[in-house]
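Residue numbers (my numbering), protein chains in the order written: chain H, 2 to 275; chain R, -3 to 263; chain V, 98 to 454.
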């Protein structure tokens, strides 16, 4: 097909990028994962990973990443939907993104102030006679702040999918007697599945390696694989073990992509092979 | 439908309030004469004055903006063509492997990316500074651009391309007049996400910078040990207001010049 | 498509404009002298006015970069590609850097102001004869607490932390050596212990502390204690000083069983480009007036006896931050335990953290 050639010249930079900045680092990390502290070849790092500490960390990472993605999706979907109905939707969309350009550490410090025992939220609760609540260093605040950070990444792709939805499809469905829920689950949601998938990937995958928020908001009461990696790379200078954990993170990511990829109904490619 | 739109407005208002709460908190304290974000003493403009007299800080800010804009721009271009390349691939297993490779940088912790890029740069012999930071930012932004552009490509009906070709459109025309206008929302979203990745990044930038070049993120994180000064709050306030004005201004200007059709080919 | 091309052009134009603005600011902000001294320091760890003063007096141009952790700084210097003339590592990092051959010896003949330093702070175990490093700031690890939130408890002993009435009231810093070291100290062992039994004992004892631990955090401990988010914190004296400056209720004490004595010293990395300039800078910072001004700005304790004479007596006689010699005898500097042992400490600390969940 003619198209194939014309596209491939312009996409060369992309494939060069993959080679230099994805494959080369992976090779580097894989290489390091087989080294011990003195630079000798060893399988100990891998053996070490299958101990209870790291397996527990893995489960913990997955669990929290799952929760964060779930809540992001639940909050983002209606937001995106309502946004498509507004008059100046692109403006509102940009206004959603702007807070994400403010430095993360600063926003987290602001949350420490907001959620603090003497912060505005507690002051507000006290007006209603509710006693001081410990909000910081809890699962709730951790997930809240994580969702806060990732939500633009979920809203935007879903917005794009919803925006293009042909409204006559919804009208048709309702004319045919479908309830709102059926219209949503059988018409709207499936047609926006690509946006949802992109959002889920953009949120779940980075959530697995969160480590800064785990310390700042959760006070290390939540620890993820990211915490362990950062410690290994920086504190213990054990790049071998750190790389091993990174290898496993990559493997997990690939597995998730395979699982979510199989349910794909729409076409991902053009051309003769579908 | 009256009920829905009222519910919608309340819901959106709530979302926006929560999104902007920390920002307003930061800006509130930028007027604090107290010196930290712990208690509000009295109102003052002194921190804003401090920003304008801190030349080093302003230069760092400008560096940060330049790197963010350029890296997002280049990453978007490379990412869009990459997404096109992926979508037109015929080999299904090769396609899914490339998709997995695409996401490797997103799943990797910043420390790992920073360390491995540093090794790469020193092996090749690239001098650390503006160039290494720019290249690194482009590198970690490309995957998110691809992720944001792909859904739009997937939604595109391939018969559009066939029809255009049948009508005698050149390859360039198909690209610029059919495909790109259709995926434009994806391109813009990808660009803005890349901008976010770049502005927020600390660890990767930290590892690959040198020669006195630094970004706002690195500067702020380094201040954490001794305490972040309210000058940074003031700077944030200025950045926020300027960005807001630019965005609103740009939007209304572009609205005046446009036909009320909206984005894309189909409406 | 037109909109896209317009946006692209707009972005490129903005970048070019900003580039010229930066260039202008760079030229107008001071001497364009080619002779630069590149300094790599912790954030907010020097009075910026002093940098200007140094530029004026010496004629060198100062290039300033910051880092937020010793390990990150060491990684940067070790990998190469940089040419910092001065770095300011903590004492344990200096040992590691020496072993990895990352430092240049300092020519004492070029830094006559060295005589200003109190001899107690020279010739320490991590750098005999100060061949590679000159002291900059120092401090201790101790307990900062808020008497207003407590029932009259004091913390003369580490045991006080295990008091059941302190449930969920203690903040610990996110450092394996600090926390495990504290555990070892509370049992009467050295915080440099490499004995497996002693370490396990320390871990068991620390595990009993977990009900009292509210969170394990980093530099934000300052903000948290000032906000009275917790009653007690294990932290460095420098941060305690910052906290107490903000919230006058707070107090600080160093338990008697012993604790850590830390140093941040100036070193000249092997990859330095301007060794002359580096020496000039070190000598400048050792000057009594300069050091006193710096101590005022940063707020940490300095080892410069001549400067201490010039400072406010209220500050320098405060035993919490300038402990007397007898108190100092109980303090230990961290030895470099080697990467393997450091790994063991970290695994133990990770186990401790997981015990909290």
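Using N, Cα and C, we set each Cβ at its ideal position, and we do this for glycine too.
This one's a predicted model, so the numbers in the text were calculated from it and none came from an experiment.
Under the three-pair Cβ rule at 8 angstroms, the region 174 to 181 of chain R does not count as touching the region 82 to 97 of chain R. DSSP, read as helix, strand or coil, puts residue 252 of chain V in coil. Residue 366 of chain V carries a strand assignment under DSSP once its states are collapsed to helix, strand and coil. Taking all protein chains shown into account, residue 40 of chain H has fewer than 16 neighbouring C-beta atoms within 10 Å of its C-beta and is therefore exposed. Proximity of chain H to residue 192 of chain R at the Cβ level (cut-off 9 angstroms) is accounted for by 98, 101, 102, 153, 154, in chain order. Residue-level contact check: residue 162 of chain V touches chain R, since one or more beta carbons of chain R fall below 8 angstroms from its beta carbon. Interface criterion not met: the Cβ of residue 68 of chain H is under 8 angstroms from no Cβ in chain R.
One thing to note: residue 183 of chain R has its Cβ within 8 angstroms of the Cβ of residue 72 of chain R.
For residue 374 of chain V, none of the residues of chain H pass the 7 angstroms Cβ criterion, the least Cβ distance being about 29 angstroms.
Under the DSSP assignment, residue 158 of chain V falls in the beta strand (DSSP E) whose first and last residues are 158 to 164. Per DSSP, the continuous beta strand (DSSP E) segment holding residue 232 of chain V begins and ends at 230 to 242.
DSSP lists V:161, V:183 as the bridge partner or partners of residue 136 of chain V. With 16 or more other Cβ atoms from the protein chains shown falling within 10 Å of its own Cβ, residue 18 of chain H counts as buried. For residue 28 of chain R and residue 198 of chain H, the gap between their C-alpha atoms comes out near 44 angstroms. Residue pairing for residue 333 of chain V: DSSP places it in a beta bridge opposite V:238. Between residue 135 of chain H and residue 208 of chain V, the alpha-carbon positions lie close to 53 angstroms from each other. For residue 292 of chain V, no beta strand (DSSP E) encloses it, and the DSSP letter there is neither H nor E. The C-alpha of residue 140 of chain R is placed about 8 angstroms away from the C-alpha of residue 102 of chain R. Fewer than three Cβ pairs drawn from the region 167 to 175 of chain V and the region 332 to 341 of chain V lie within less than 8 angstroms of each other, which leaves the two stretches out of contact.
It is roughly 48 angstroms from the alpha-carbon of residue 117 of chain H to the alpha-carbon of residue 120 of chain R. At least 8 angstroms separates the CB of residue 183 of chain H from every CB of chain R.
The alpha-carbon of residue 164 of chain V is positioned some 31 angstroms away from that of residue 240 of chain R.
Neighbours of residue 147 of chain R in chain H, taken as residues at a C-beta separation under 8 angstroms, are given in chain order as 158, 161, 162, 195, 196, 198, 199.
For the pair of segments examined, the region 436 to 444 of chain V was found to touch the region 269 to 279 of chain V: the number of CB pairs separated by less than 8 angstroms reaches three. Within chain H, the residues whose beta carbon sits less than 9 angstroms from that of residue 313 of chain V are 216, 220, 221, 222, listed in sequence order.
DSSP places residue 268 of chain V in no alpha helix (DSSP H) but in the uninterrupted beta strand (DSSP E) bounded by 267 to 270. In the DSSP assignment, residue 311 of chain V falls within the beta strand (DSSP E) that extends over 310 to 314.
When secondary structure is reduced to three states using DSSP, residue 36 of chain R falls in the coil class, being assigned neither helix nor strand. Within chain V, the residues placing a beta-carbon under 9 angstroms from that of residue 61 of chain R are 111, 112, 115, ordered along the chain. Here residue 93 of chain H has 84, 87 as same chain residues with Cβ atoms under 7 angstroms from its own Cβ, once five neighbours each way along the sequence are excluded.
Cβ contact annotation for residue 83 of chain R (same chain, cutoff 8 angstroms, sequence separation greater than five): 146, 149, 150, in chain order. Put simply, the region 14 to 26 of chain R touches the region 98 to 115 of chain H. At least three CB pairs are less than 8 angstroms apart. Contact with chain H is absent for residue 169 of chain R, since none of that chain's Cβ atoms lies less than 8 angstroms from the residue's Cβ. Below the 8 angstroms Cβ cutoff, chain V contributes 178 as neighbours of residue 117 of chain R, in chain order.
Assignment of residue 133 of chain H by DSSP, reduced to helix, strand and coil, places it in the coil class. Straight across, the Cα-Cα distance linking residue 201 of chain H with residue 258 of chain H is about 11 angstroms.
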